[in-house]
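Only one structure is covered here, and it is reproduced in the block below.
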Amino acid sequence: MNNPPDVIRAGYAELIVTDLEQARWFYCDVLGLVVTAEDDDALYLRAYQEYLHHSLVLRQGDEPALARLAYRVRSPREVDAAERYFTELGVPTRRVPEGTTRGIGEAVRIQDPLGFPVEFFYHALHTERLTQHYHMHRANALARIDHFNVVVPDVAAARDYYTSLGFGVSETIEDSDDNVYAAWLFRKQTVHDIALTGGDGPRLHHIAFATNERSQILHTCDMLGALQREHHIERGPGRHGVSNAFYLYLRDPDGHRIEVYTSDYYTGDPDNPTIRWDVHDNRRRSFWGHEVATSWYAEASTVLDLDGRPVPTTEPPHRESVVSVGADGFGVITEDGVTQGVKLGHQV
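In the working numbering, the protein residues as written are 7 to 354.
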C-alpha cells in the first residue's frame, strides 16, 4: 500500500449558500473575515493571521450544502502521494488543475471512504498577513481557521480511517462497552483539525475559526444582540470539557454552523495522551454542565459528492444525544474500562 499524503492542517472549506449578500453580511460584517477576492458567484475569505489566499469559499447555489473540505499537505510531492494513495484505496479520485478553485494550485480531490468531498493541495496564492494591522481588526477579530467537525454514523470506523492517514487522537467520548460517540483528531499541534460526531451522516456539523481571546467571542454575542440578530446564536458562549476551549456556536443565514473557538491546548509531543471521556459525564460538551441545544445534535449541513449531488445519509447505531446522564455520571474512562469519578481531564 502506498503511503498516505503528509497532511499539515485543515486548509479551507467551500460552502454553498443561497444568498451571497446575506452570507457577506454574516461572514464579513459580523464575523469580520476579509475578502481576498470575489466573483459573480463566489466570495473568497480569510482571517487576520492567514496569508494563504483563503480559508473559506462561499459559493452561490440553489440549496445550502458543503461542497468541499480541504487539507494542506507538506509539499507538492504530497499532492502526488494523495493521488496514488486514494487511487489504490479505490475511492473516487480526481486531479484538478491549478486555478480550478481561485487561488489554489494543482490539487487532488476525492470522495473519501466516509462520503465527504475532500481536497489535498499545497500551492496557494499568498496574500498580506494582517496580524499587526490592528487598525483593521474588529473587537471580535478571527485569527485563523482551526478545524472541521463532521457527522458520521460510525465514529470508530471514521477514527480508524483518519489515524490511517497519520492523524493523532486527542480526545474521545466513549462508554464502558467501548462504543465511541465522538473523537477529536489532529495534524497541527492543537486538539484537532477534524472532529467526528456520531449521527446521521455524512453531514457537516461545523467549521471553526480560532480567535485569540475570550473577550472577542463575547463581543460577537454583544454585536448580534445590538443588531437584534441574536437568533444567530445557537449555543454558548461556554467552556468545553473536551478540548478545554471557550466556544460559541453560530448559525449563518443558510443554517451552516460556525464555531468561534479559543484556549485549547498543545498536542505536539509524540506521546501526547488521549483523553477518554465517559458519555455519561455531563461536562464533556459543556464544562459548566449546561444542556446542549437539541438542534446542535440534530441539525447539520448536507454534503455534496464530487459531481455536486447530495450524498445519502446513514443512521448511527448509538446516539450521544439520548444517553441518560445520572447525578453520579461524572468521570473519565480508564484503561480497564471503568468509569471513575475523579478529577476531570484524567489522561490515559
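Yeah, the Cβ is synthetic: ideal placement off N, Cα and C, and Gly gets one too.
Name, in chain order, the residues that DSSP records as bridge partners for residue i.
i, result
"Phe192", "Gly174"
"Leu49", "Glu44 and Leu64"
"Ser269", "Note: Ser269 sits in no beta bridge, so no partner."
"Arg101", "Val114"
"Pro123", "Gln117"
"Tyr255", "Arg241 and Glu265"
"Pro77", "Reading off the sequence shown, one finds Tyr at residue 77, where the question assumed Pro. Tyr77 pairs with Ala16 and Phe126."
"His296", "Beta-bridge pairing links His296 to no other residue."
"Leu310", "Pro316"
"Glu180", "Val186 and Asp284"
"Val23", "Gln66"
"Ala71", "Ile22"
"His388", "This structure does not reach residue 388, given that the chain is present from 7 up to 354, and the question cannot be answered."
Whole angstroms are fine: how far does the CA of residue j sit from the CA of residue i?
i, j, result
"Ala53", "Leu39", "5 Å"
"Val13", "Asp287", "33 Å"
"Val158", "Ala76", "18 Å"
"Arg101", "Leu21", "21 Å"
"His143", "Thr217", "12 Å"
"Ser356", "Gly204", "With the chain covering 7 to 354 only, the question about residue 356 has no answer from this structure."
"Asp258", "His237", "10 Å"
"Ala147", "Cys227", "13 Å"
"Val266", "Glu219", "10 Å"
"Leu201", "Ala189", "The sequence shown places Ala at residue 201, not Leu. Roughly 6 Å between the two C-alpha positions."
"Gly242", "Leu136", "28 Å"
"Trp302", "Asp166", "25 Å"
"Asp45", "Gly314", "19 Å"
"Glu89", "Phe32", "36 Å"
"His139", "Thr99", "40 Å"
"Arg289", "Gly247", "5 Å"
"Glu84", "Asp199", "18 Å"
"Phe92", "Ile116", "7 Å"
"Glu180", "Asp35", "40 Å"
"Ala43", "Ser182", "50 Å"
"Ala87", "Leu230", "45 Å"
"Pro11", "His132", "22 Å"
"Val250", "Ile281", "For clarity, residue 250 is Asn in the given sequence; the question names Val instead. Whole-angstrom Cα-Cα distance: 11 Å."
"Ser292", "Gly244", "7 Å"
"Pro279", "His324", "26 Å"
"Glu94", "Met7", "7 Å"
"Val97", "Ala164", "15 Å"
"Arg74", "Gln234", "32 Å"
"Val329", "Pro316", "30 Å"
"Ala29", "His225", "20 Å"
"Arg209", "Ala304", "11 Å"
"Pro318", "Gly207", "8 Å"
"Ala256", "Arg65", "According to the sequence provided, residue 256 is Leu. The question's Ala does not apply to it. Spanning the two alpha carbons is a distance of roughly 19 Å."
Exposed or buried, which one is residue i when buried takes at least 16 other CB atoms within 10 Å?
i, result
"Leu49", "buried"
"Pro82", "exposed"
"Glu177", "buried"
"Trp294", "exposed"
"Asn9", "exposed"
"Asp270", "buried"
"Ser170", "exposed"
"Glu321", "exposed"
"Glu104", "exposed"
"Asp184", "exposed"
"Ala232", "exposed"
"Gly174", "buried"
"Ala306", "buried"
"Thr268", "buried"
"His212", "buried"
"His141", "exposed"
"Ala145", "exposed"
Exercise. At which residue ranges does the segment 203 to 247 contain complete alpha helix (DSSP H) runs of 4 or more residues, listed in the order of the chain?
Worked result: 220 to 232, all fully within the segment 203 to 247.
Problem set entry | Segment contact flag, the segment 194 to 205 with the segment 273 to 290, C-beta cutoff 8 Å, min 3 pairs | Between the segment 194 to 205 and the segment 273 to 290 there are three or more inter-stretch CB-CB distances shorter than 8 Å, so the stretches are counted as touching.
Exercise. Using 8 Å as the Cβ pair cut-off and three pairs as the minimum, do the segment 296 to 315 and the segment 122 to 132 touch?
Worked result: yes
Problem set entry | the segment 16 to 30 contacting the segment 146 to 161, beta-carbon criterion three pairs below 8 Å | yes
Problem set entry | Segment contact, 8 Å Cβ cut-off, at least three pairs: the segment 57 to 75 with the segment 101 to 115 | These segments touch.
For this session: Indicate whether the contact test is met: 3 or more Cβ pairs, each with one atom in the segment 62 to 80 and one in the segment 22 to 37, closer than 8 Å.
Result: yes
For this session: Let me know the beta strand (DSSP E) ranges lying completely inside the segment 143 to 170, each 3 residues or longer, listed in chain order.
Result: 150 to 158
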